[in-house]
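A.B. asks: Before I ask anything, let me first share the structure, which is written out below as structure tokens.
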Amino acid sequence: MPLDLILMGPPGAGKGTQAARIASERGLAHIATGDMLRAAVRDGTPLGQEAEAIMARGDLVPDDLIIAMFRERLSAPDTEPGVLLDGFPRTSAQAEALDGMLEGLDRHIASVIVFEIELEELVRRLSGRRVCRASEHVYHVDFHPPKADGVCDEDGSELYQRDDDQPDVIRTRFQKQWVEAAAPVIEYYRGHGLVSNLDAAQPREQVAAELDGLLDGLGQRA
Ligand code: ADP
Ligand code: AMP
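Per the working numbering, the very first residue in the sequence shown carries number 1; after that it's consecutive.
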């Protein structure tokens, strides 16, 4: 039976950092809709052209575009052992579409892990975030610096600062995407008894240990 999991949390909570590790350790497909959209912008696809300005100001990309992009991603064979969703679903419409897609495949979400953290810490994390051009490996200038300045440890590509990791856009993303759009999604999953909370303000290793404990517990219940 595939293991399908959702990581939710405000922008900068550390979802991508943990997801990359968990997905490779547990053989799950890491699906990060933000990474997919940035690739579309880079490649200049019609989706990328439509999404670019929306992302730069910190708004959500329209549901129909995101759902279509996700549907196609879910049809790839690497999703068969299970998916680790990072940044999707972000609205109630996306959550309902996801349920429909999984139901059609006789699958269901096993758990939704919500990363809890204050805005002040998010601003600190996002202002210092650097990502690599080749594959979106994530660093932080203070909390997780690369070995050589400005260069990815994993693939040697250049590190850059995302356009939307500026204090004013960080606040817009937090308010519109987390406080407003995500609350009903969490309630929806809470109603299905699927939500676990995680203290994401801890250092990386402690977050990793708490997350591993939650996921191991799921395995035992299955
Ligand atoms: P998200 O995917 O939730 O937007 P990221 O995983 O990209 O968040 O993390 C945001 C920034 O915070 C990155 O610069 C990352 O290196 C850093 N970071 C991630 N987890 C922690 C942590 N537990 N403590 C301190 N910094 C962290
Ligand atoms: P992220 O990399 O997760 O921080 O996402 C970067 C940006 O991509 C967000 O600020 C949104 O503009 C857009 N985005 C990513 N995922 C979604 C989604 N599921 N729904 C709508 N917009 C999204």
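For every residue, glycine included, the Cβ atom is placed at its ideal position computed from N, Cα and C. No experiment lies behind these values; they were computed from the predicted model shown.
Please classify D155: is it buried, with 16 or more other beta-carbons within 10 angstroms of its beta-carbon, or exposed?
C.D. replies: Here residue 155 refers to the residue found at position 155 when the sequence shown is read from its first residue. Exposed, because fewer than 16 other Cβ atoms sit within 10 Å of the Cβ of D155.
A.B. asks: On the DSSP bridge list, what partners appear for D78?
C.D. replies: By 1-based counting over the sequence shown, the position of residue 78 is 78. For D78, which the question treats as bridged, DSSP gives no partner whatsoever.
A.B. asks: Identify whether S157 lies in helix, strand or coil by the three-state DSSP scheme.
C.D. replies: Looking up residue 157 in the sequence shown gives position 157. It is coil, neither helix nor strand.
A.B. asks: Around the ligand ADP, what residues have a beta-carbon under 5 angstroms from a heavy atom of it, in chain order?
C.D. replies: Every residue passing the under-5 angstroms Cβ criterion appears here: P11, G12, A13, G14, K15, G16, T17, R125, R129, V138, H140, F143, H144, R204 and V207.
A.B. asks: May I ask you to check if the CB of A97 is nearer than 8 angstroms to at least one heavy atom of the ligand AMP?
C.D. replies: Translated into the one-based positions of the sequence shown, residue 97 becomes position 97. The answer is no for A97.
A.B. asks: Keeping to the same chain, check which residues put their C-beta closer than 8 angstroms to that of L65; ignore five residues upstream and five downstream.
C.D. replies: For the purposes of this step, residue 65 is taken as the residue at position 65 of the sequence shown. Cβ neighbours of L65 beyond the five flanking positions: L47, E50 and A51.
A.B. asks: Just to check, is the beta-carbon of G87 closer than 8 angstroms to a non-hydrogen atom of the ligand AMP?
C.D. replies: In the sequence shown, the residue the question calls residue 87 occupies position 87. Yes.
A.B. asks: Expressed to the nearest angstrom, what Euclidean distance is found between the alpha-carbon atoms of L7 and P62?
C.D. replies: The count along the sequence shown starts at 1 and reaches residue 7 at position 7. The count along the sequence shown starts at 1 and reaches residue 62 at position 62. About 20 angstroms.
A.B. asks: Please list the terminal residues of the continuous beta strand (DSSP E) segment that includes I113.
C.D. replies: The residue labelled residue 113 in the question sits at position 113 within the sequence shown. I109 to E116 is the span of the beta strand (DSSP E), which, as asked, contains I113.
A.B. asks: Can you name the residues that DSSP bridges to C132?
C.D. replies: Here residue 132 is taken as the residue at index 132 of the sequence shown, counted from 1. Looking at the DSSP assignment, C132 forms a beta bridge with L159.
A.B. asks: Counting contacts by CB-CB distance shorter than 9 angstroms, is E52 in contact with chain C?
C.D. replies: Absent here is chain C; the protein component of the structure consists of one chain.
A.B. asks: By Cβ distance below 8 angstroms, which residues in the same chain neighbour K176 in space, the five residues on each side in sequence not counted?
C.D. replies: Along the sequence shown, one-based indexing puts residue 176 at 176. These residues qualify, in order along the chain: G58, D59 and L60.
A.B. asks: For A222 and V112, what's the separation of their Cα atoms in angstroms?
C.D. replies: Position 222 of the sequence shown, counting from 1, holds the residue named residue 222. Position 112 of the sequence shown, counting from 1, holds the residue named residue 112. Below a pLDDT of 50, predicted positions are generally treated as unreliable, and A222, at 47, falls in that range; the measurement from the model is reported next regardless. Cα to Cα, the separation comes out at about 15 angstroms.
A.B. asks: Count the other CB atoms within 10 Å of the CB of V185; is the residue buried (16 or more) or exposed (fewer)?
C.D. replies: Position 185 of the sequence shown holds residue 185. Buried, because 16 or more other Cβ atoms sit within 10 Å of the Cβ of V185.
A.B. asks: Does the ligand AMP have even one heavy atom less than 8 angstroms from the beta-carbon of A29?
C.D. replies: The residue you call residue 29 lines up with position 29 of the sequence shown. No, the beta carbon of A29 sits no closer than 8 angstroms to any heavy atom of the ligand AMP.
A.B. asks: Consider the C-beta atom of G58 and the heavy atoms of the ligand AMP; say whether any pair is separated by less than 8 angstroms.
C.D. replies: Within the sequence shown, the letter at position 58 stands for residue 58. Flag set: Cβ of G58 near the ligand AMP.
A.B. asks: Given the structure, does L74 come close to the ligand HEM, in the sense that its CB is under 8 angstroms from one of the ligand's heavy atoms?
C.D. replies: The model depicted lacks the ligand HEM and carries the ligand ADP and the ligand AMP instead.
A.B. asks: Roughly how many angstroms lie between the CA atoms of L218 and A19, to the nearest whole one?
C.D. replies: Residue 218 sits at position 218 when you count from the first residue of the sequence shown. Residue 19 sits at position 19 when you count from the first residue of the sequence shown. About 16 angstroms.
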